[in-house]
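Worksheet: one structure, shown below.
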Amino acid sequence: MTDRLKGKRAFLTAAGAGIGRATAIAFAAEGAHVVATDLKAALLADLKDHGIAETHALDVRSTEAIDALASRIGPIDVLFNCAGFVHHGTALTTSDEDWDFSFDVNVKSMHRTIRAFLGGMLERNSGSIINIASGASSIRGIANRYAYGASKAAVIGLTKAVAADHIRQGVRVNAIAPGTIQSPSLDGRIAEQAAKTGKSVDEIRQQFIDRQPMARLGEADEIAWLAVYLASDEASYTTGQCYSADGGFSL
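The letter at position 182 of the sequence shown is residue 185 when you use this note's numbering, and the numbering goes up by one with no holes.
What follows is the structure in structure tokens.
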């Protein structure tokens, strides 16, 4: 480890599993004071064993909860927005409720956290915001991901807009667009699809693998180390970008 983030305070959403958990651990390993949050407090229970300084249960759909926690913990240097939900459906099968929920979790949650922490970054003329987008977005259209793809495209637009607004005020804003990453969330979606289609879990998993040009799923750590770079001063000339870490998914 190189202490790339020594002295920095980092706030993460959805840090209980998958990419969020791997990134929280990587940030802590690089010297950051990590504030890890998740809707499910039980998922955060062992994170302090990995050097995480603080854990908090947080519903990213609640403006009041985010504002209250931001007020408690004070200014931060790094904001990592990872909370997300993958809805399966087309325009004909997606209800208004499905659409609204997807955008609330995937996009408006980022609006809430950015608004809560951006002021403190601007006061110090320094900060890095990293948003998790997806290869299924404006980058590439994926069947049966109508609301999800639209919401993740919005994340890329949000990222560029905030970056442009504050490019001369010391705040950098970037996005990461992962391909299919092995995670508890993916396992749950695979099991759900297997139950719906009558196919085996192994068959559904192989479908996800087959659509990856590298012929394998990504690992959460492979996204986490890209996040470390974007959070660090080594990326001080980088803003408004969306980095595809997808095993060639976007080719």
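No residue lacks a Cβ here, since even glycine has one placed at the ideal position from N, Cα and C. If you're wondering where the values come from, they're calculated on a predicted model, not measured in any experiment.
Scanning the stretch 63-145 from its first residue to its last, the whole beta strand (DSSP E) runs of 3-plus residues come out as 81-84, 130-135.
For I159, the uninterrupted alpha helix (DSSP H) run begins and ends at 149-168, by DSSP.
Distance check between D224 and each of S105, K111, S140, Q185 places Q185 closest, using alpha-carbon atoms only. Note that the C-beta distance between N84 and S112 is below 9 Å.
Between the beta-carbon of N128 and that of Q172 there is about 6 Å, and that keeps the pair under the 8 Å contact cut. Just so you know, the alpha carbons of T96 and G152 end up roughly 15 Å apart.
Setting aside the 5 residues that flank it on each side, S253 is surrounded in the same chain by G138, I142, R143, S247, each with a C-beta closer than 6 Å to its C-beta; the list follows chain order. If you look at A248, you'll find it in the beta strand (DSSP E) that goes 245-248. Check the Cα spacing between A35 and each of D41, L42, L15: the tightest is with L15. Apart from the 5 residues on each side of it in sequence, G243 sits with its Cβ closer than 6 Å to the Cβ of K163, A166 in its chain, given in chain order. Following the DSSP letters along the chain, one finds F252 in no alpha helix (DSSP H), marked with neither H nor E. DSSP places E57 inside the beta strand (DSSP E), whose first and last residues are 57-60.
In this structure, D41 keeps its C-beta atom at 9 Å or more from the C-beta atom of A56. In terms of Cβ geometry, Q196 and I212 do not form a close pair [threshold 9 Å].
Exposed is the label assigned to V204, since fewer than 16 other Cβ atoms lie within 10 Å of its Cβ. The C-beta distance from K11 to V81 rounds to 6 Å, short enough to fall under 8 Å. By the CB criterion at 9 Å, G130 and R175 fall inside the cutoff.
Excluding residues up to 5 positions away in sequence, F14, E57, I76 lie with their Cβ nearer than 6 Å to the Cβ of V38 in the same chain.
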